[in-house]
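Trainee:
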Amino acid sequence: GENVEQHPSTLSVQEGDSAVIKCTYSDSASNYFPWYKQELGKRPQLIIDIRSNVGEKKDQRIAVTLNKTAKHFSLHITETQPEDSAVYFCAASRAGGGSNYKLTFGKGTLLTVNP
Amino acid sequence: NAGVMQNPRHLVRRRGQEARLRCSPMKGHSHVYWYRQLPEEGLKFMVYLQKENIIDESGMPKERFSAEFPKEGPSILRIQQVVRGDSAAYFCASSPSRGQGFNTEAFFGQGTRLTVV
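Protein chains in written order, with the working numbering: chain B, 1 to 115; chain S, 1 to 117.
(1) Can you tell me whether PRO82/B is helix, strand or coil according to DSSP?
(2) Can you tell me the Cα-Cα spacing of HIS7/B and ALA19/B, whole angstroms?
(3) When you compare the CB positions of THR104/B and VAL87/B, do they come within less than 8 Å of one another, or not?
(4) Could one say the Cβ of VAL95/S lies closer than 8 Å to chain B's Cβ atoms, at least one of them?
(5) Run through chain B and tell me which residues come within less than 8 Å of ALA166/S, C-beta to C-beta.
(6) Cα separation between LYS62/S and THR65/B?
(7) Expressed to the nearest angstrom, what Euclidean distance is found between the alpha-carbon atoms of GLY101/S and ASN7/S?
(8) State the Cα-Cα distance for the pair TYR101/B and SER93/B, rounded to the nearest angstrom.
(9) Count the CB pairs spanning the region 76-84 of chain S and the region 2-16 of chain B that are closer than 8 Å, and state whether there are at least three.
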C-alpha cells in the first residue's frame, strides 16, 4: 500500500519568514495530494491540493510543488503569521474510475510561528 | 450547508463497553470515510463506505470494529468491548459522488474524542 513520509516533524519560524514542509510517497499510482491544517482540538481543513497533471499550484501565501519522478511534494508558506501555527498534514491517494479515494496521511508537522 | 456532523464530540466509556460514533455527511455527499487519530499521530484510514455498501475496510481492525452507512440515517462506527488502546479521535469525512475523474475534496467532521477508562 501507499506510504507517506513527512518532514520535519516540528518547525519553528519567525513571523514573516517562509516555511517549507516536505513529503514523499511510495505508490507511483497516487495522483492526488492534499494538504490539511489542523488546529488543536479541531478538524483537519484542506488548505491546498495538487493533482498529478500539474507541477505547481499557488493560492496567495501558500504554494505546493509536485515532483512525480522523485515522488515528492512540498508545501511552501510565505510571510508566515502567528495564525499559521498549527499541525500540517500531507496526504496522497489514487483517484478515478470510481475506485476508492482513501487518503494516506503523513505524520504531521507542528509549525510554530513566533511573533 | 451544515457540513459533516459527528456526534458525540466527546465519549467516555469503561473498558468492555460499546462505543457508537455517528457521522452525517454533507448534503449531497454519498461517500463516507472514517479515520482514527492517535495522540500526536497522523490520521489513519479505517473504512470507506457508500450508502448500504462497504467499499474498502482495509484499515479496520479485524475484531470488535464495524461500520455501516444505511440507506437512511447517519453512518455508524461501532467499537465493541472497548480497550484503553481504542482511546483516540475518530474523524469522519465525506465527499460527493464521482463516476470518473479525480478526487474532490474530502470534508472532515469535528471528530469524536473517545476516552476509555
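All C-beta atoms in this analysis are idealised placements derived from N, C-alpha and C, irrespective of residue type, glycine included. Small disclaimer: the values here were computed from a predicted structure and weren't measured.
Mentor: Working from what's here:
(1) Reduced to three states, the DSSP call for PRO82/B is helix.
(2) Cα to Cα, the separation comes out at about 12 Å.
(3) Not in contact: THR104/B and VAL87/B (Cβ atoms no closer than 8 Å).
(4) The amino acid at residue 95/S is misidentified as Val; the sequence shows Ser. So, interface residue.
(5) Nothing about residue 166/S can be reported from this structure: the residues present for chain S run from 1 to 117 only.
(6) Answer to the nearest angstrom: the Cα atoms are 38 Å apart.
(7) In this prediction, GLY101/S has a pLDDT of 45, which is less than 50 and means its spatial position is unreliable; what the coordinates show is noted afterwards. If you take the alpha carbons of GLY101/S and ASN7/S, they lie about 32 Å apart.
(8) TYR101/B and SER93/B have their C-alpha atoms roughly 6 Å apart.
(9) Touching, no.
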